[in-house]
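Colleague:
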Amino acid sequence: MVSKWVECLLLCVCLSASTSSAPEAFEVVTKALTDYLTSGARPPNLDHALEQYPLPNVLVTGEIKDDSQKCRLCTLLTDVLIMNRRLGMNDVQLASEASYLCRTMKMATDRVCDGTIKNNLDIFTYMIDNNEDMTGSRICRIVLREKECDSGSENYEWTIDVPPGKTVERTKTNSSTTFNILHVSDIHYDPLYTPGKTNTCHENVCCQDDQADGELAAGTACGYWSDYYNADIPFYTMQETLRQTTTHNFDYVYYTGDFVAHRVWSTSVENNTRDIIAVTDQFKKYYNVPVYPVLGNHEPHPVNLWSSDGVDGTISTQWVFDLVAEQWGEWLSEDAKKTILKGGYYTVSPRKGFRVIALNSNLCYITNWWLINDSKDPHGQLAWLGEQLLEAEKNEESVHILMHVPSGNSDCLHTWGREYRRLVTRFSNTITGQFSGHTHRDQFWVYYDEEEPSKAVNVLWNGASVTPYSYANPSYKLYQINTETFDVFDLEEWTFNLTLANMYPSREVDWYKLYSFKDAFEVDTLQPNDVDGLISKMLKNRSLIYKYYLYKFRNSDVAVASGCDESCQKSLLCDMVTTAYDDTEHCEKIKKLYDENK
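The sequence shown lines up with residues -21 to -1, 1 to 577 when you count with mature numbering (1 follows the signal peptide of the UniProt record, and there is no 0).
Okay, structure coming up:
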């Protein structure tokens, strides 16, 4: 199985293809890799060939350029690694070879290379040893999201059985009575956060106690509360945020994942367990109402990896499910614990007529390498979701769905996102709210009817993040929920300016309400048709897009300074209407309308 460090190798090679302007350099590196693959030994010119490409640190940027060369390079490099294992390389030798490639291509600092290799080696070798169909082309198709890498293959193509019928008509109500739900997301608690350390560390996360000191005058010293540049938060910033949330009244708390920091090269079962418990304990300390958490992609060790059914031993991630079933037990039923133990998902009914379904959408994450082995509906989660929604429909319940990775995010396997969207369309009137995390941005996505593409049928609301990682102010959201329909009546976001807070660390943090959605965007309701109508208004009033952009980063100093040009605005609009990656129909339409409204 390919692992996190293999991802780094693949993405770096792909980026190298797009950043080099010399065709001869591409031919040199591909020939060197081909020679390596055919001979089974490193060719003498391999070092020089690999150094022809200036490689950004993709562990930080995560960018992939669209280039015709990338599949070829990706497949060659991955096949080299697979070949070495199948020719008899033991774990120590393979780790050494991986370290050579990682360091030679300057993918990351030496300790990040070594740490990710150490964490992932056992999984990588397990996948190669136990799956004779594992090939570079199969791996690269999911890593690069390019069908051409695995042309003609049916890998990653599957469907689920969606219950037949149409969504039910909902009973209308004149009630305006509401209750509140608090939405907190992406805390990313960092035990090693240290003020004064550098915020320009060239690693996944900065401000670490074992990194260099920053310079206050140069603006590279990490602040007291946190930092805009690749930083998570210390324990006291988490406490301050949770304390502030308790100044509001609310009946339930939604937490949409990511307890653990971004220090992905040095995770362990012990460290992740410690941090998940630390955050959960703070929830128990500050909240005397039910908390409904979901798992984030940073919770397992190694990061992003959720083992398939039937995998045992040290490479299994069953320990995560066991841990949270125990830690979250006071908020959940025994039946909910059973499905958590199966796949990290569950359902509860907090009050009559109202159901919460919490998903483990990390199972769709493309850097969950177990998908390369078997991607079809991992742990049977989507099939289970269909059953739960059908039962809720029969019982006339309204449903809120919680998840970490949004279905339309580029990190989510397109097949999973498409099949999830089919369920949303089928049960669009039963689902009265969707809530996610992961992106660290204040966002929404509009779902459209599959048979009537112009008809908006549902909305997904993102919880932004407590961590500022990266370029955002910490925040949380408060939703007003109709007591009869359980629709989202309005939402407000609360934040503070990180720059000002860091200037005066001894003063109280100046939290303020950033906006109310209904007031800021002048919409009558937060129903799908009105939110879709807002997008139409944005096309004619660009100031609304800019307002959305600033809210996305919670009015951070970095966002204000950077601004949002036409390309940025089109990207924002496309994101709003994309609920399954690779489905660009609504995106292309909205970009055309944007240009027509200049």
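All residues carry an ideal CB built from backbone N, CA and C; glycine is no exception.
What are the partner residues of V467, as DSSP defines its beta bridges?
Modeller: The residue labelled residue 467 in the question sits at position 488 within the sequence shown. Per DSSP, I460.
Colleague: Where do the N-terminal and C-terminal ends of the beta strand (DSSP E) with L161 fall, by residue?
Modeller: On the sequence shown, position 182 is the one that residue 161 refers to. Element bounds for L161: 157 to 163.
Colleague: Would you tell me roughly how many angstroms separate the C-alpha atoms of Y455 and Y208, rounded to the nearest one?
Modeller: Numbered from its first residue, the sequence shown carries residue 455 at position 476. Numbered from its first residue, the sequence shown carries residue 208 at position 229. About 20 Å.
Colleague: Could you compute how far the alpha carbon of A74 sits from the alpha carbon of T235?
Modeller: The residue labelled residue 74 in the question sits at position 95 within the sequence shown. The residue labelled residue 235 in the question sits at position 256 within the sequence shown. Going by the C-alpha atoms only, they are around 35 Å apart.
Colleague: Report the rounded CA-to-CA distance for K10 versus D108, giving the unit in angstroms.
Modeller: Residue numbering aside, residue 10 sits at position 31 when the sequence shown is read from its first letter. Residue numbering aside, residue 108 sits at position 129 when the sequence shown is read from its first letter. Near 27 Å, if we compare the C-alpha coordinates of D108 and K10.
Colleague: In terms of residues, what are the limits of the beta strand (DSSP E) holding I435?
Modeller: Residue 435 sits at position 456 when you count from the first residue of the sequence shown. The residue asked about is misnamed: residue 435 is Ala in this sequence, not Ile. Looking at the DSSP string, the run of the beta strand (DSSP E) that includes A435 is 435 to 441.
Colleague: Using the Cα positions of K151 and F465, report the straight-line distance between them to the nearest angstrom.
Modeller: Along the sequence shown, read from residue 1 onward, the residue named residue 151 stands at position 172. Along the sequence shown, read from residue 1 onward, the residue named residue 465 stands at position 486. Computed Cα separation, rounded: 12 Å.
Colleague: In chain order, what residues of the same chain lie with their CB nearer than 6 Å to the CB of F300, ignoring the 5 residues before and after it?
Modeller: Within the sequence shown, the letter at position 321 stands for residue 300. Excluding positions up to five away in sequence, the list reads I319, L320, G323.
Colleague: Going by C-alpha distance, which of L368, E545, T557 is nearest D574?
Modeller: Taking the first residue of the sequence shown as position 1, residue 574 is located at position 595. When each option's Cα is compared against that of D574, the closest is E545.
Colleague: Which whole-angstrom value describes the C-beta separation of P385 and T346, a residue pair presumed to lie in contact below a C-beta threshold of 8 Å?
Modeller: Sequence index remark: in the sequence shown, residue 385 carries index 406 (1-based). Sequence index remark: in the sequence shown, residue 346 carries index 367 (1-based). So it is not a contact: roughly 15 Å between Cβ atoms.
Colleague: Nearest by alpha-carbon distance to R82: which of D26, Q506, C119 is it?
Modeller: Indexing the sequence shown from 1 puts residue 82 at position 103. Looking at the Cα atoms, D26 is the closest of the given residues.
Colleague: So, are the CB atoms of C543 and Y525 less than 8 Å apart?
Modeller: As a working note, residue 543 is residue 564 in the sequence shown. As a working note, residue 525 is residue 546 in the sequence shown. Closer than 8 Å, so yes.
Colleague: If you check the beta carbons only, do N159 and L457 fall under 8 Å apart?
Modeller: Translated into positions along the sequence shown, residue 159 becomes position 180. Translated into positions along the sequence shown, residue 457 becomes position 478. Their beta carbons are under 8 Å apart, which means N159 touches L457 by this criterion.
Colleague: Can you check which of these residues, M382, E30, A540, is closest to G275 by C-alpha distance?
Modeller: Looking up residue 275 in the sequence shown gives position 296. Nearest of M382, E30, A540 to G275, Cα basis: M382.
Colleague: So what does DSSP say about A337, is it helix, strand or coil?
Modeller: Numbered from 1 along the sequence shown, position 358 holds the residue referred to as residue 337. Here A337 sits in strand by DSSP.
Colleague: Under 8 Å between the Cβ atoms of N168 and V243?
Modeller: The count along the sequence shown starts at 1 and reaches residue 168 at position 189. The count along the sequence shown starts at 1 and reaches residue 243 at position 264. The residue you asked about is not Asn; residue 168 is Tyr in the sequence shown. Going by C-beta atoms, Y168 is not nearer than 8 Å to V243.
Colleague: To the nearest angstrom, report how far apart E375 and F103 are at their CA atoms.
Modeller: As a working mapping, residue 375 is identified with position 396 in the sequence shown. As a working mapping, residue 103 is identified with position 124 in the sequence shown. In a straight line, the C-alpha of E375 is about 47 Å away from that of F103.
Colleague: Out of curiosity, what's the CA-to-CA distance linking A28 and P22?
Modeller: Numbered from its first residue, the sequence shown carries residue 28 at position 49. Numbered from its first residue, the sequence shown carries residue 22 at position 43. Using only the alpha carbons, I get a separation of about 10 Å.
Colleague: Whose CA, out of F500, Y325, Q506, N534, lies closest to the CA of N520?
Modeller: By 1-based counting over the sequence shown, the position of residue 520 is 541. Checked all of F500, Y325, Q506, N534; the closest Cα to N520 is F500.
Colleague: Indicate whether the contact test is met: 3 or more Cβ pairs, each with one atom in the stretch 385 to 400 and one in the stretch 328 to 347, closer than 8 Å.
Modeller: Contact between the stretch 385 to 400 and the stretch 328 to 347 is present, because at least three Cβ pairs lie under 8 Å.
Colleague: Less than 8 Å between the CB atoms is what I'm expecting for D211 and V248, so what's the real figure, rounded?
Modeller: Within the sequence shown, residue 211 is the residue found at index 232, counting from 1. Within the sequence shown, residue 248 is the residue found at index 269, counting from 1. In fact, because the Cβ distance is near 20 Å, the residues do not count as touching under 8 Å.
Colleague: Could you tell me if D58 is buried or exposed, where buried requires 16 or more neighbouring beta carbons within 10 angstroms of its beta carbon?
Modeller: Translated into the one-based positions of the sequence shown, residue 58 becomes position 79. Flag for D58 reads buried.
Colleague: Going by DSSP, which residues form a beta bridge with E472?
Modeller: For this step, residue 472 is matched to residue 493 along the sequence shown. E472 is bridged to K456, Y494.
Colleague: Taking the alpha carbon of T54 as the point to measure from, which residue in N339, E471, L123, L284 has its own alpha carbon closest?
Modeller: By one-based count along the sequence shown, residue 54 stands at place 75. Here the closest residue by C-alpha is L123.
Colleague: Please return the same chain residues whose Cβ sits closer than 6 Å to the Cβ of residue 588, not counting the five positions on each side in sequence.
Modeller: Residue coverage of the chain in this structure runs from -21 to 577, which leaves residue 588 outside it and unanswerable.
Colleague: Considering H379, what are the terminal residues of the beta strand (DSSP E) in which it resides?
Modeller: The sequence position of residue 379 within the sequence shown is 400, counting from 1. Unbroken beta strand (DSSP E) run through H379: 377 to 381.
Colleague: Tell me the rounded alpha-carbon separation between N481 and V445.
Modeller: Translated into the one-based positions of the sequence shown, residue 481 becomes position 502. Translated into the one-based positions of the sequence shown, residue 445 becomes position 466. Taking the straight line from one Cα to the other gives about 16 Å.
Colleague: Out of curiosity, what's the CA-to-CA distance linking D70 and V425?
Modeller: Here residue 70 is taken as the residue at index 91 of the sequence shown, counted from 1. Here residue 425 is taken as the residue at index 446 of the sequence shown, counted from 1. In a straight line, the C-alpha of D70 is about 47 Å away from that of V425.
Colleague: Less than 7 Å separating the Cβ of S328 from some heavy atom of the ligand ZN?
Modeller: With respect to the ligand ZN, the structure shown offers nothing to examine, as it has no ligands at all.
Colleague: Checking 8 Å against the spacing of the C-beta atoms, do N110 and N352 come in under that value?
Modeller: Locating residue 110 in the sequence shown gives position 131, counting from the first residue. Locating residue 352 in the sequence shown gives position 373, counting from the first residue. The answer is yes: Cβ separation under 8 Å.
Colleague: Please classify L402: is it buried, with 16 or more other beta-carbons within 10 angstroms of its beta-carbon, or exposed?
Modeller: Walking along the sequence shown from the start, residue 402 turns up at place 423. With 16 or more other Cβ atoms within 10 Å, it is buried.
Colleague: Provide the residue(s) that pair with I294 in DSSP beta bridges, ordered along the chain.
Modeller: What you label residue 294 is simply residue 315 of the sequence shown in a count that begins at 1. According to DSSP, I294 bridges with nothing at all.
Colleague: Identify whether L80 lies in helix, strand or coil by the three-state DSSP scheme.
Modeller: Sequence index remark: in the sequence shown, residue 80 carries index 101 (1-based). L80: helix per DSSP, three-state reduction.
Colleague: Do T156 and T478 have their CB atoms nearer than 8 Å?
Modeller: As a first step, residue 156 must be located in the sequence shown, where it is residue number 177. As a first step, residue 478 must be located in the sequence shown, where it is residue number 499. The answer is no: Cβ separation not under 8 Å.
Colleague: Ignoring anything shorter than 4 residues, give me the alpha helix (DSSP H) runs that lie fully in the stretch 303 to 351, in order along the chain.
Modeller: Within the stretch 303 to 351, the complete alpha helix (DSSP H) runs of at least 4 residues are 313 to 322.
Colleague: Please work out which residues of its chain come closer than 8 Å, Cβ to Cβ, to T557, disregarding the five sequence neighbours upstream and downstream, and give them in chain order.
Modeller: For the purposes of this step, residue 557 is identified with residue 578 of the sequence shown, where counting begins at 1. For T557, where only same-chain residues beyond five positions count, the Cβ hits under 8 Å are G387, W424, T563, H565, C566.
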